[in-house]
Amino acid sequence: MPMDGVMLGFMTRELNDKLAGGRVDKVTQPERDEILLTIRNRGENHLLLVSASANSARIHLTREKKSNPLEPPTFCMLMRKHVLGARVLEIRQVGGDRIAEIDFEALDEMGDYAVRTLICEFMGKYSNLILTQSGGKIIDSVCRVTDEISRVREVLPGLMYERPPQQGKLDSAALEPDELAARLRESAGPAFKALQNAVTGLSPQTAREICMRAAGDSEARLEELDAAVLARRVCELAAAFPSMARPMLVLDEEGKAVDVTPFAYLTRAGLESRPMPSLSEAQEAYFRTRDRVERIRQKASALNRVLKNNIERCEKKLGLQLNALMDSERMEEYRVKGELLSASLYMVEKGAKSVELPNYYDPDCAPLRIELDVKLTPAANAQRYFKLYQKARSARRLAAEQKERTEEELAYLEGQMENLTKCTEEAELYEIRAELEREGYVKPSRNRRELKSLPPSRPLKLAASDGTVILVGKNNLQNDKLTASAQPDEVWLHAKDMPGSHVIIVGENPGDQTIGEAASLAAYYSKGRTGSRVPVDYTLRRYVKKPSGAKPGFVIYTHQKTLYVQPREVIARD
5 MPMDGVMLGF MTRELNDKLA GGRVDKVTQP ERDEILLTIR NRGENHLLLV
55 SASANSARIH LTREKKSNPL EPPTFCMLMR KHVLGARVLE IRQVGGDRIA
105 EIDFEALDEM GDYAVRTLIC EFMGKYSNLI LTQSGGKIID SVCRVTDEIS
155 RVREVLPGLM YERPPQQGKL DSAALEPDEL AARLRESAGP AFKALQNAVT
205 GLSPQTAREI CMRAAGDSEA RLEELDAAVL ARRVCELAAA FPSMARPMLV
255 LDEEGKAVDV TPFAYLTRAG LESRPMPSLS EAQEAYFRTR DRVERIRQKA
305 SALNRVLKNN IERCEKKLGL QLNALMDSER MEEYRVKGEL LSASLYMVEK
355 GAKSVELPNY YDPDCAPLRI ELDVKLTPAA NAQRYFKLYQ KARSARRLAA
405 EQKERTEEEL AYLEGQMENL TKCTEEAELY EIRAELEREG YVKPSRNRRE
455 LKSLPPSRPL KLAASDGTVI LVGKNNLQND KLTASAQPDE VWLHAKDMPG
505 SHVIIVGENP GDQTIGEAAS LAAYYSKGRT GSRVPVDYTL RRYVKKPSGA
555 KPGFVIYTHQ KTLYVQPREV IARD
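Residue numbers for the sequence shown, in this note's numbering: 5 to 578.
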């Protein structure tokens, strides 16, 4: 569930118990909208993550250590200046809203103790982290908001901090039954929607859970309920929240984390709710892969646009080249007309607009009508057709060569587009970008030093059902290295006639089942992933060659056999 008011209430209580009184030993900013604070308290180090990401704004403790930019962003430097070495006074929720405040006490420039507050607004695409002085004056924020961005509220250094508009909702931390009942009587339809509209910080999921517990039905309608009774039960439930803390990680049928709840939600009864030691650990387990993939997806979007634009360019060029080839098909017609004219000059009258001559190339010698230029002699008309023939012949040869180059470029670009979908690590994304820079599709990155500091990515290492190791390349660099380093008698696989990964079965003479599993992997990590029967070629590595000067990832192969398989990633990671 999102970091709504109820979730944030549980989280701030948990964090305050853990961190209040601790000292800030380190401040980093691994992402543009994310801060990490190392806080030492009661002899332990804790890593506090605060994210204002539009898709995953949140706050919790984490064990994951992230790589940081070589040059700290401005907001990170300001945070270090004002809170490094500071004591954490309190972590609290503002009302029942999606806003948390962290108070720090530290020495200022004059040597006096001063309070600085990090205000964390978890509001989807409007999320923000704002550092303020004790009086509420803004020092700076992760996202500066000017009057051009928002006519409602500016967030800029030197201005006084103002809370986001409350929309006239009731504070969920101080609900009164009579006041809530009055609001509910003004509404109609689903009770959960009325609760959302009446109370701050409720997500649809939490509002449904409250209705389930207070009315016995998550989809109950107000027309069927007594507003006073519902309001009283909702207020009793809200008051009991602090004692209900029992963090849950919600898993689907495949064991994949799909949600986090602060206690066992009745509305999630159809799924497994696994108890977790803390809400922070539940959040980290949920976001561990999801957040990394989302970050990669965001960073890949610029490369995706570059590839898409170049693919469209190649497709247009290919269309023009195919048209040129179709036009050049008249070259044989030009040659025949030229030869017939040359052989029958005596039959052509000077100044004629056309002539019909026996076509010796036709089995029946049917007459062929030939258009003439009245300004030219019969012999000159024959030469004109020979010139048209030579021109069409040259155009055909050139168009065929250009078409072949364009098809190769298009296959390369589509392969890179497919590689982008496989990225799960920043290093893999950098390798694709670096390759596109070398090929001239994108300009060199300003963060080249920072990106080069990333360790090289590695291919997927998987285990077949019999324990045989199978390696899968996820980009062209990995594919080239994987194929080049494989032994001559190891099996190499690739989806037939489509962009995809190079796959190697480690060791000689694998069984048919292992080859089938590897083929399913090759199909899964290809453009044919969504198909039901995908052709996959396999051959020995010794029959796979990389032509001199070929683009990264391109190979030719012989002695192949073809399997038709269903794309599946059914193999355990080694």
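Glycine is no exception: its CB is placed at the ideal position from the N, C-alpha and C atoms.
Checklist entry - How should Tyr-542 be labelled, buried or exposed, when 16 other C-beta atoms within 10 angstroms of its C-beta is the threshold for buried? => result buried
Item to check | Residue ranges of each alpha helix (DSSP H) within the region 421-494, 4 or longer | outcome: 430-442, 452-456, 480-489
Next on the checklist: Taking the alpha-carbon of Asn-363 as reference, which of Thr-78, Val-340, Ala-384 has the nearest alpha-carbon?
Outcome noted: Val-340
Checklist entry - So which of Asp-37, Met-7, Val-31, Arg-44 has the shortest CA-CA distance to Lys-581? => result With the chain covering 5 to 578 only, the question about residue 581 has no answer from this structure.
Item to check | Option in Lys-391, Gly-323, Gly-342, Leu-392 with minimal Cα separation from Ile-4 | outcome: Outside the shown range of the chain (5 to 578) lies residue 4, about which nothing can therefore be said.
Checklist entry - Cβ of Ser-55 within 7 Å of Cβ of Glu-38? => result yes
Checklist entry - In its own chain, which residues sit with a C-beta less than 7 Å from the C-beta of Leu-88, not counting the 5 before and 5 after it? => result Val-28, Val-31
Next on the checklist: Comparing C-alpha positions only, which one of Val-378, Asp-377, Leu-361 sits nearest to Pro-371?
Outcome noted: Leu-361
Next on the checklist: According to DSSP, is Cys-369 part of a helix, a strand, or is it coil?
Outcome noted: coil
Next on the checklist: Considering only DSSP beta bridges, list what Ser-2 is partnered with.
Outcome noted: Outside the modelled stretch of the chain, which goes from 5 to 578, sits residue 2, for which no answer is possible.
Checklist entry - Which stretch, first to last residue, makes up the beta strand (DSSP E) that contains Leu-216? => result The sequence given here has Met at residue 216, not Leu. Looking at the DSSP string, Met-216 is not in any beta strand (DSSP E); the run it does join, the alpha helix (DSSP H), is 208-219.
Checklist entry - Nearest-angstrom Cα distance between Met-81 and Arg-217? => result 47 Å
Checklist entry - Is the distance from the Cβ of Ile-474 to the Cβ of Leu-481 below 7 Å? => result no
Checklist entry - Between which two residues does the alpha helix (DSSP H) carrying Ala-244 extend? => result 231-244
Item to check | Nearest-angstrom Cα separation, counted from Lys-426 out to Asp-101 | outcome: 38 Å
Next on the checklist: Using C-beta distances below 7 Å, list every residue in its chain close to Val-559, excluding the 5 sequence neighbours before and after it, in chain order.
Outcome noted: Thr-487, Val-548, Lys-549, Lys-550
Item to check | Test item: CB-CB of Cys-215 and Phe-196 under 7 Å | outcome: yes
Item to check | Asn-423 burial status per 10 Å Cβ neighbour count (16 or more: buried) | outcome: buried
Next on the checklist: Closest to His-498 by C-alpha separation, out of Gly-511, Pro-448, Pro-459, Gly-557, would be which residue?
Outcome noted: Gly-557
Next on the checklist: Closer than 8 Å is the cut-off here; do at least three beta carbon pairs connect the region 525-533 with the region 563-572?
Outcome noted: yes
Item to check | Cβ-Cβ separation, Ala-104 to Arg-96 (assumed contact under 8 Å), whole Å | outcome: 7 Å
Checklist entry - What span of residues does the beta strand (DSSP E) with Asn-49 cover, start to end? => result 48-55
Item to check | Enclosing alpha helix (DSSP H) for Leu-40 [first to last residue] | outcome: Note, Leu-40: premise wrong, no alpha helix (DSSP H); beta strand (DSSP E) at 38-45.
Item to check | Secondary structure of Asp-295, DSSP reduced to three states | outcome: helix
Next on the checklist: On the DSSP bridge list, what partners appear for Pro-539?
Outcome noted: Tyr-568
Item to check | Three-pair Cβ contact test at 8 Å for the region 71-78 versus the region 291-305 | outcome: no
Checklist entry - Does DSSP put Glu-180 in a helix, in a strand, or in coil? => result coil
Next on the checklist: Residues in the same chain with beta-carbon distance under 7 Å from Val-515, minus the five sequence neighbours each way, listed in chain order, please.
Outcome noted: Contrary to the premise, residue 515 reads as Gly rather than Val in this sequence. If we look at Gly-515 and ignore the five residues flanking it on each side, its Cβ neighbours are Asp-470.
Item to check | Check whether Ala-289 and Ala-306 have beta carbons under 7 Å apart | outcome: no
Checklist entry - What residue from Gly-128, Glu-285, Thr-562, His-86 has the CA that sits closest to Asp-112's CA? => result His-86
Checklist entry - Apart from the five residues on each side of it in sequence, which residues of its chain come closer than 7 Å, Cβ to Cβ, to Glu-94? => result Asn-20, Ala-24, Asp-107
Checklist entry - Would Asp-8 pass as a contact of Thr-210 if the rule is Cβ separation under 7 Å? => result yes
Next on the checklist: Quick check on this structure: which residue in Gln-406, Val-476, Lys-447, Gly-259 has the alpha carbon closest to the alpha carbon of Ala-490?
Outcome noted: Val-476
Next on the checklist: Could you compute how far the alpha carbon of Arg-167 sits from the alpha carbon of Thr-204?
Outcome noted: 13 Å
Checklist entry - Looking only at its own chain, which residues have a Cβ that is under 7 Å from the Cβ of Pro-208, when we skip the five neighbours before and after it? => result Phe-196, Gln-200
Item to check | First through last residue of the alpha helix (DSSP H) which encompasses His-506 | outcome: Premise fails: His-506 is in no alpha helix (DSSP H) and is neither H nor E.
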